[in-house]
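Asker: Just so you know, the sequence shown maps onto residues 0 to 306 in numbering that gives the first Met the number 0.
In this text, a Cβ means the ideal position worked out from N, Cα and C, and glycines have one as well.
There's a structure below that I have some questions on.
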Amino acid sequence: MENITQRFERVLTHIDNNLSSSLDIETLARLAQIPEYHFEFIFQSLFHTKLNEYIDLLRHLEAAQQLGFDKSVAISVVAQAVGFSSEKAFEHAFTRSIGQSPKQFQLAPDWGNFFQKQQPLKTLSEGHDQLSAFEVNIEVVELEEVPLIIIEHRTLAEYLPQTIQAMRAFRQTHNLSPEKSQTFNFIYQTYPEGVEYEQIHSSASNYKIDIAVSVNAQQKASLIAAIESSEYFKETSIPKGSYASFLHSGSDEALNKKIKYLYGTWLVENSKINNTQLNTMPLIFEKLKINNSNQSQTRVYLPLYKE
C-alpha cells in the first residue's frame, strides 16, 4: 500500500498534467486517499506552500513558456490552456506573478526573472526547519464522546468575529461559561501564519470553521427548545475514538509549525509504521484558559482511523 508521501507525489504529477482543469480539492483528496478536510494541511506540511499558490505558480510558468516561445499564439488561447476562464483574469494574475504582462512577456521575455520564479518548485521539501518529537510531544489519546452545541461559520472570513460573538452571547444566556463547558473549534482549512484565526480578515473567499461548546446531559436536555428554534445553533459531538494530540502554549506561528510537524512528519511516519489513517472529522482545537490571555493554551486533536 502506498504511503502518504507516495500518494502526494502522485497528486503533484496529476496537477502538472492537468493545469487546464479545475483541480478542485475534492478530486485531489480522493486521488491522495485522504479525507478532504485534511488535504490542505498535509499538502502545506509536505511541500511548504499552499495548494492554490503552487497551482497558480505552475500555470503562470507554463503560460510564460508558451508565450515566450510562440510570438503568434493568442493570449486568450494561452489563458484557456492553463485553466483561466477569462483573458482578463489571466492577464491580472500573470502580471502579478511574473512581473510582466502576458503581452510584454511575449514581446520581450525577462528570462532571468522567469527562472528565478521556478526556485520554489526546486525547494518544496528542502531547507525548512524541522521540529523534534520532543518539542511537539504528540501522544495518541482515547476520547469518550463529547456532546456539543455548535455554530457554523460559512461566510466571508471578515465576519468571523460576529460568529464568535454570537457564541459568546449564547453561552452567557444559557450559563455555559468556559469554567463549566469546554470550548472547541473544528478547523476545516489552513489559516495565514502569524494571524490568529479569530482575527482573519479576507474578503476574497469564505472561511469554514465551527465554534463549539460542550454540554452535559442535563444542559443538553434544557437546550433542546432553544436549539430547535434556532437557525444558527446545532447539536453535534466529538465522537469516541483515537486522536493524535498535543498541548500548545505560545504564539500562533509556533502552533502552525507544530501542526506542520503533526501532518508532515508524525502522520507520515506513523502511516508507514502503524498504517495510521485519518478519520473524516476535521482537525479540532480545544481552547483552554480562554479568560486569561496570558495563560491561554490550545489542545490539538487529530482524529485517527486505525485498521
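Could you check how far apart the C-beta atoms of Leu324 and Gly249 are, in whole angstroms? I think they sit under 8 Å.
Answerer: Residue 324 cannot be examined here, being either before or after the span of the chain that is shown, 0 to 306.
Asker: When DSSP labels each residue in this structure, what does Thr279 get in the three-state scheme?
Answerer: In the sequence shown, counting from the first residue as 1, residue 279 sits at position 280. Correct three-state label for Thr279: coil.
Asker: Just to confirm my understanding: we take Val267, look at its own chain, exclude 5 residues before and 5 after, and list those with CB closer than 8 Å. What are they?
Answerer: Counted from its first residue, the sequence shown places residue 267 at position 268. Here the set comprises Asn2, Ile3, Thr4 and Leu45.
Asker: Could you give the residue range of the alpha helix (DSSP H) that holds Leu159?
Answerer: Taking the sequence shown and counting its residues from 1, one reaches residue 159 at position 160. Residues Leu159 to Thr172.
Asker: Grab me the residues of Lys239's own chain with a C-beta within less than 6 Å of its C-beta, minus the 5 sequence neighbours each way, in chain order.
Answerer: Taking the first residue of the sequence shown as position 1, residue 239 is located at position 240. So the list reads Glu143 and Glu144, once near-sequence residues are dropped.
Asker: Per DSSP, Thr4 is paired with what?
Answerer: For the purposes of this step, residue 4 is identified with residue 5 of the sequence shown, where counting begins at 1. Thr4 pairs with nothing; no bridge assigned.
Asker: Inspect the beta-carbon positions of Gln103 and Lys70 and report whether they are closer than 8 Å.
Answerer: As a first step, residue 103 must be located in the sequence shown, where it is residue number 104. As a first step, residue 70 must be located in the sequence shown, where it is residue number 71. Cβ atoms of Gln103 and Lys70: not closer than 8 Å.
Asker: For Gln115, does the three-state DSSP call read helix, strand or coil?
Answerer: For the purposes of this step, residue 115 is identified with residue 116 of the sequence shown, where counting begins at 1. Helix, per DSSP.
Asker: Would you call the CB atoms of Ala92 and Glu86 closer than 8 Å?
Answerer: Your numbering for residue 92 matches position 93 in the sequence shown. Your numbering for residue 86 matches position 87 in the sequence shown. No, the pair does not count as a contact, with Cβ atoms beyond the cut-off.
Asker: Whose C-alpha, out of Phe133, Asn174 and Ser176, is nearest the C-alpha of Lys257?
Answerer: In the sequence shown, residue 257 corresponds to position 258, counting from 1. Closest option to Lys257, Cα to Cα, is Phe133.
Asker: Per the DSSP calculation, Gln296 is bridged to which residue(s)?
Answerer: Here residue 296 corresponds to residue number 297 of the sequence shown, with the count starting at 1. Leu287.
Asker: Between Leu56 and Pro101, how many whole angstroms is the CB-CB distance? I'm expecting something under 8 Å.
Answerer: Numbered from 1 along the sequence shown, position 57 holds the residue referred to as residue 56. Numbered from 1 along the sequence shown, position 102 holds the residue referred to as residue 101. The Cβ separation is near 16 Å, so there is no contact.
Asker: Would the beta-carbon of Leu287 fall within 8 Å of that of Ile137?
Answerer: Along the sequence shown, read from residue 1 onward, the residue named residue 287 stands at position 288. Along the sequence shown, read from residue 1 onward, the residue named residue 137 stands at position 138. It is not a contact, given that the beta carbons lie outside the stated cut-off.
Asker: Does DSSP put Ala249 in a helix, in a strand, or in coil?
Answerer: As a position in the sequence shown, residue 249 is number 250, starting the count at 1. First, the amino acid is wrong: residue 249 is Gly here, not Ala. Coil at Gly249, not helix or strand.
Asker: DSSP three-state call for Pro34: helix, strand or coil?
Answerer: As a first step, residue 34 is located in the sequence shown; it is residue number 35 there, counting from the start. Pro34 falls in the coil class under three-state DSSP.
Asker: Verify the contact flag: Leu106, CB atom, against every heavy atom of the ligand HEM, threshold strictly below 7 Å.
Answerer: This structure does not include the ligand HEM; it has no bound ligands of any sort.
Asker: Applying the 10 Å Cβ sphere with the 16-neighbour rule, what's the burial state of Asn112?
Answerer: Within the sequence shown, numbered from 1, the residue matching residue 112 stands at position 113. Exposed, because fewer than 16 other Cβ atoms sit within 10 Å of the Cβ of Asn112.
Asker: Taking only three categories from DSSP, how would you classify Arg9?
Answerer: On the sequence shown, residue 9 is found 10 positions in, with the first residue counted as 1. Helix.
Asker: What residues are listed by DSSP as bridge partners for Gly263?
Answerer: Here residue 263 is taken as the residue at index 264 of the sequence shown, counted from 1. Partner(s): none; Gly263 has no beta bridge.
Asker: Using DSSP bridges, identify the partner residues of Lys207.
Answerer: Taking the first residue of the sequence shown as 1, we reach residue 207 at position 208. Its beta-bridge partners are Arg153.
Asker: Output needed for Ile14: all residues of its chain with C-beta closer than 8 Å, excluding positions within five of it in sequence on either side, in chain order.
Answerer: Within the sequence shown, the letter at position 15 stands for residue 14. Hits under 8 Å: Leu22, Leu27, Tyr53, Ile54 and Leu57.
Asker: When DSSP labels each residue in this structure, what does Ala73 get in the three-state scheme?
Answerer: In the sequence shown, residue 73 corresponds to position 74, counting from 1. Three-state result, Ala73: coil.
Asker: Could you check where the alpha helix (DSSP H) with Phe232 kicks off and where it finishes?
Answerer: Along the sequence shown, read from residue 1 onward, the residue named residue 232 stands at position 233. Premise fails: Phe232 lies in the beta strand (DSSP E), Phe232 to Ile237, not in any alpha helix (DSSP H).
Asker: Along the chain, where does the alpha helix (DSSP H) that runs through Thr94 open and close?
Answerer: Walking along the sequence shown from the start, residue 94 turns up at place 95. Taken as a continuous stretch (DSSP letters only), the alpha helix (DSSP H) holding Thr94 covers Glu86 to Ile97.
Asker: Near Ile33, which residues of its chain fall below 7 Å by C-beta distance, leaving aside the five closest residues on each side in sequence?
Answerer: Residue mapping note: residue 33 aligns to position 34 of the sequence shown, counting from 1. Taken in chain order, the residues that qualify are Ile41 and Leu277.
Asker: Who are the Cβ neighbours of Lys233 in its own chain at under 6 Å, not counting the five residues just before and after it?
Answerer: What you label residue 233 is simply residue 234 of the sequence shown in a count that begins at 1. So the list reads Ile149, once near-sequence residues are dropped.
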